[in-house]
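Input: a single structure, listed below in structure tokens.
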Amino acid sequence: MKIAKILGTAALVSTLGAQAYAAPAAKDVLTTYADIAHAGYEDSLITAKELQAAIDELVANPSAATFDAAKSAWLASRAPYQQTEVYRFGNAIVDDWEGKVNAWPLDEGLIDYVETGLYGEESEENPAYTANVIANPTLTISGETIDASTIDAALLESLHEIDDVEANVATGYHAIEFLLWGQDLNGTDAGAGERKWTDYAAGDACTNGNCDRRSEYLQAAADLMVSDLEWITEQWAEGGEARKTVLEGDGVPGLTAIVTGMGSLSYGELGGERTKLGLLLHDPEEEHDCFSDNTHNSHYYDALGIQNVYLGRYTRVDGSVVEGPSLSDLVAANDAALDTELRGKLAASVVAGKVMVTRAKGGEAFDQLIAMGNEDGNAVVQAFVDALVDQTKSIEQIIAAVGIDGIEFEGSDSLDNPSAVN
Amino acid sequence: MIFKPSWRSLLLSTTTVFAVGLSTPGAKADIPDENYQPVLAHLLGTVMPPKIDEFHAASEELTEGFRDFCSDPDNGGLEETRAAYHAAMDIWQEIQPWRMGPLVANGRDQHIEYWPDKHGTAARQFRKLMFDKPAAYTDPEQLSGASAALQGFPALEEVLFADDHGNQMIAADENGVFLCQYGTAIATNLGTLSGELQAEWPDFATAMENAGPDSMDYPSAKFAATDLYRALHEGLLIISTQKLARPLGENAEDARASRGESPLAGRSLRNIEHNLIGLFAIYDGTWGDIGEEGQGLAALIDNSLLDRSFKLNWQTVADTVADLPPSVAEVLVQSDGYATLSDLKGQIEFLTMLVENDVGGNTQLGGGFNALDGD
Chain A
0 MKIAKILGTA ALVSTLGAQA YAAPAAKDVL TTYADIAHAG YEDSLITAKE
50 LQAAIDELVA NPSAATFDAA KSAWLASRAP YQQTEVYRFG NAIVDDWEGK
100 VNAWPLDEGL IDYVETGLYG EESEENPAYT ANVIANPTLT ISGETIDAST
150 IDAALLESLH EIDDVEANVA TGYHAIEFLL WGQDLNGTDA GAGERKWTDY
200 AAGDACTNGN CDRRSEYLQA AADLMVSDLE WITEQWAEGG EARKTVLEGD
250 GVPGLTAIVT GMGSLSYGEL GGERTKLGLL LHDPEEEHDC FSDNTHNSHY
300 YDALGIQNVY LGRYTRVDGS VVEGPSLSDL VAANDAALDT ELRGKLAASV
350 VAGKVMVTRA KGGEAFDQLI AMGNEDGNAV VQAFVDALVD QTKSIEQIIA
400 AVGIDGIEFE GSDSLDNPSA VN
Chain B
0 MIFKPSWRSL LLSTTTVFAV GLSTPGAKAD IPDENYQPVL AHLLGTVMPP
50 KIDEFHAASE ELTEGFRDFC SDPDNGGLEE TRAAYHAAMD IWQEIQPWRM
100 GPLVANGRDQ HIEYWPDKHG TAARQFRKLM FDKPAAYTDP EQLSGASAAL
150 QGFPALEEVL FADDHGNQMI AADENGVFLC QYGTAIATNL GTLSGELQAE
200 WPDFATAMEN AGPDSMDYPS AKFAATDLYR ALHEGLLIIS TQKLARPLGE
250 NAEDARASRG ESPLAGRSLR NIEHNLIGLF AIYDGTWGDI GEEGQGLAAL
300 IDNSLLDRSF KLNWQTVADT VADLPPSVAE VLVQSDGYAT LSDLKGQIEF
350 LTMLVENDVG GNTQLGGGFN ALDGD
């Protein structure tokens with residue numbers, strides 16, 4: 000995935016200092032932005048540690064109960080993390096890092112057993128398509144022999160995106176998701192992956208073999224994710240590099256980062272690659288949380304995260320609120336009508352995301368919504384795409400309203416006309 | 000990167016033109032909005048419609064060819080159907096880069112040809128399709144609601160050129176009967192899609208030609224014309240970054256013809272040859288025997304030296320592609336094949352740079368460096 004191109008310029012920065020007196024200073028807006036980032040990543044870390052503990056418990060005492068607890072902890076961990084995704088585009092430090100924790104889509108055959116009848120035995124693009132680390136203490140990938148006898152963080156890091164294939168995702172949320180749910184073999188019918196807890200059982204109770212190595216993999220992946228989230232949380236703390244970067248200079252680079260993140264996530268990534276493409280292909284493999292059927296929540300929280308940074312307000316997992324001067328305040332001081340319009344559009348996309356959540360709670364998950372022939376379900380998903388595309392057009396207008404320039408949002412081949420919003 | 004001598008000399012001549020442009024004192028005045036209107040009218044109203052008609056006719060001939068072949072399948076019929084596929088693909092590849100309006104509305108271009116397939120979706124879905132053989136995929140109307148990866152040219156290529164499919168259709172075994180019905184449905188659906196494009200284009204062209212303050216969609220002719228510039232720019236970018244970069248990979252050892260466009264039909268480079276014909280029409284205003292020279296974006300460029308140089312460079316690249324075999328695979332097996340394709344990629348990138356700097360700058364439609372005002 001290419002990084003959004005940012006060509007922020009200070010040519011129009013005088014605008015920042017020339018609005019009505021009610022406008023907040025850019026630095027204050029950016030401080031709120033950084034505070035929300037820190038809170039969001041810290042919440043992601045907190046929930047990841049809870050997931051790590053649940054996985055340790057599953058490995059120590061495998062049972063249906065500990066297995067379900069681990070899955071519940073994974074689902075809970077997605078809510079704060081997805082709200083941070085808006086920080087990915089526009090902040091190079093995040094974009095360079097995020098692939099370790101949320102890379103997608105993945106060729107899961109790298110990690111564990113798969114049903115090859117549908118998945119296939121090999122891929123033209125990926126020599127490690129069915130490498131199956133858990134079953135093979137020694138791997139040969141593209142002629143290179145890899146010692147996988149010990150499954151630890153170092154091995155997982157070495158396998159991640161091995162052979163420069165992005166689909167070789169060995170770490171992060173989706174690797175863990177696969178190890179907890181397994182492949183969703185239901186196509187566009189109801190149901191998520193149906194991995195049994197006995198895949199982690201000891202002795203003869205172990206199903207599908209290598210339960211000890213599967214446990215080692217799951218624990219190593221959880222440990223690695225916690226350490227990765229600790230690192231990014233530090234970057235947004237006082238004195239951290241990410242915070243320093245957005246606050247440096249005259250405010251233009253930081254505001255550019257906010258707008259780039261909002262626009263690129265809205266349009267190319269969430270609207271295009273993660274949603275419209277799935278609709279175009281009617282393919283459950285194109286859903287973000289494809290093993291757990293949690294895509295409705297991931298998309299909803301992504302949309303909520305975009306709204307959070309614009310409004311300068313984030314509700315933490317403990318219920319407390321982080322808030323302060325916002326980009327919305329800044330836009331309103333320059334163009335009140337645009338602010339009202341964008342608030343409305345952001346709310347509309349959150350509502351459109353919530354409709355998918357409601358449908359999922361009623362038994363119709365994202366993969367069913369995008370199924371061929373499900374016209375009503377398709378319309379629900381298309382409404383989400385339309386809302387995201389619509390808000391992107393207004394986000395683009397922020398550029399002029401607050402005096403920044405030269406931003407290009409992440410594009411997507413799967414949307415109707417990528418050039419329309421560029 | 001190694002450039003052929005003729006290519007290098009052209010690069011130098013264009014650099015000279017570029018320098019002349021830079022030396023022009025002062026910034027150029029804005030091009031009046033009304034100057035963009037004849038370009039829009041010519042390209043969208045005169046040049047494109049007959050080509051869409053041609054595409055629709057080729058799609059219908061392909062459907063007829065498939066029906067004839069499947070009614071009494073034999074080798075001759077298979078070859079005739081493959082020839083009809085190539086004819087339809089040729090004109091589609093010329094139209095493909097005009098990514099605007101009805102061509103991209105509702106993902107129409109991707110339903111006609113879903114490529115690149117970054118996640119290997121088509122192969123996976125096709126494997127399942129052949130396992131289940133659902134009747135819905137032999138009904139063109141139901142097929143139109145199916146995955147984009149299973150309803151356009153790449154799916155048809157799989158049916159006509161992959162593995163043993165041709166023999167299976169001739170043998171009319173269980174797989175062959177399904178493939179024949181499915182292939183006919185794909186061709187019929189392509190006829191429907193091209194017919195929709197044909198029906199919707201005139202209104203789009205009229206809206207673009209009438210761009211101005213009274214238009215809800217296109218507030219100025221310049222705004223509308225930006226779509227043409229972007230199509231030209233993005234079309235070249237897609238050739239270099241996808242159609243050539245994907246099969247070339249990181250290096251010669253990593254190169255794989257199968258990552259190119261239309262690899263089974265052996266026409267990855269033939270596609271590029273036709274892309275360049277369609278793209279050049281945007282600049283020059285001529286497309287085969289349709290249109291009038293100099294009435295495309297070139298009409299906005301008040302610099303005959305730059306115009307001549309640009310066209311010369313373009314012709315050089317077009318000649319290079321025309322001289323190559325039609326498939327990437329045939330080139331890669333040659334001892335200097337990788338270098339040849341890398342050189343072609345470099346030439347396309349050079350054309351892209353010219354479009355950004357010279358065409359974008361002089362038409363005032365591009366966002367990149369403007370060679371004339373020196374900003």
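Protein chains in written order, with numbering that gives the first Met the number 0: chain A, 0 to 421; chain B, 0 to 374.
Note that CB positions come from ideal geometry on N, CA and C, so glycine has one too.
Sub-7 Å separation of A/Tyr309 and A/Ala78 beta-carbons: no
Integer-rounded CB distance, given that A/Glu286 should sit under 8 Å from B/His118: That belief does not hold up - the Cβ atoms of B/His118 and A/Glu286 are roughly 12 Å apart, past 8 Å.
Cα-Cα separation between A/Gln81 and B/Pro72, rounded to whole angstroms: 54 Å
Cα-Cα separation between B/Cys179 and A/Asp55, rounded to whole angstroms: 55 Å
Cβ shell of A/Glu49 (< 8 Å), same chain only, five flanking positions each side left out: Ala72, Ala75 and Ser76
C-beta neighbour in chain A for B/Ala148, strict 7 Å: yes
Of the residues A/Ile110, A/Ser348 and A/Gly277, the one placed nearest A/Asp366, counting alpha carbons only: A/Gly277
Contact set between B/Thr120 and chain A, taken where Cβ atoms lie within less than 8 Å: Leu280, Asp282, Glu284 and Glu285
A/Val320 - containing beta strand (DSSP E), residue span: Val320 to Glu322
Length of the line joining the Cα atoms of B/Ala122 and A/Leu179: 27 Å
Spatial neighbours of A/His298 in its chain, beta-carbon cut-off 6 Å, leaving aside the 5 residues before and after: Gly352
Stretch pair the segment 162-182 of chain B + the segment 199-208 of chain B: three plus CB contacts closer than 8 Å: no
Segment contact, 8 Å Cβ cut-off, at least three pairs: the segment 394-401 of chain A with the segment 374-385 of chain A: no
Beta-carbon gap between B/Gln109 and B/Leu149 smaller than 7 Å: no
Enclosing alpha helix (DSSP H) for B/Arg126 [first to last residue]: Thr120 to Asp131
Short CB-CB distance (under 7 Å) between A/Glu123 and chain B: yes
Distance, B/Asp131 Cα to B/Arg229 Cα: 42 Å
7 Å Cβ cut-off: residues of chain A touching B/Ala145: His281 and Met371
Range of the contiguous beta strand (DSSP E) that encloses A/Asp146: Glu143 to Asp146
Three or more C-beta pairs below 8 Å linking the segment 33-44 of chain A and the segment 185-202 of chain A: no
Exposed unless 16 or more other CB atoms sit within 10 angstroms - verdict on A/Ser157: exposed
B/Val158 to B/Gly182 span [Cα, whole Å]: 6 Å
According to DSSP, residues forming a beta bridge with B/Trp286: B/Ile289
Whole-Å CB distance - B/Ser143 paired with B/Thr80, under 8 Å assumed: The pair is not a contact, with the Cβ atoms about 21 Å apart (cut-off 8 Å).
Neighbourhood of B/Gly194 by C-beta, 6 Å cutoff - its chain only, sequence neighbours within 5 removed: His55
Bridge partners - A/Ile140, DSSP secondary structure assignment: A/Glu143
Contacting residues, own chain, Cβ-Cβ under 8 Å from B/Gly106 (five flanking each side not counted): Ala147
Where A/Thr314 falls: helix, strand or coil (DSSP): strand
For B/Pro397, the nearest candidate out of B/Asn34, B/Leu236 and B/Ser257 (CA to CA): This structure cannot speak to residue 397 of chain B, because chain B is shown only from 0 to 374.
Chain-order list of residues whose beta-carbon lies under 8 Å from that of B/Leu331 (same chain, five-residue window excluded): Pro246, Ala254, Ala256, Tyr337 and Leu340
Test: B/Ser377 CB closer than 7 Å to a CB of chain A: As shown, chain B starts at 0 and ends at 374. That puts residue 377 of chain B outside it, with no answer to give.
Listed by chain order, chain A residues near B/Lys132 by CB distance under 8 Å: Simply none; closest approach about 15 Å.
Cβ-based neighbour list, A/Asp292, same chain, cut-off 6 Å, excluding 5 preceding and 5 following: Ala191 and Ala364
Pair within 7 Å by beta-carbon distance, A/Ala166 and A/Leu105: yes
Cβ contact (3+ pairs, closer than 8 Å) linking the segment 88-95 of chain B and the segment 216-232 of chain B: no
Chain B contact residues for A/Gly352, given Cβ-Cβ distances below 8 Å: What A/Gly352 touches in chain B: nothing, since even the nearest Cβ is about 21 Å away.
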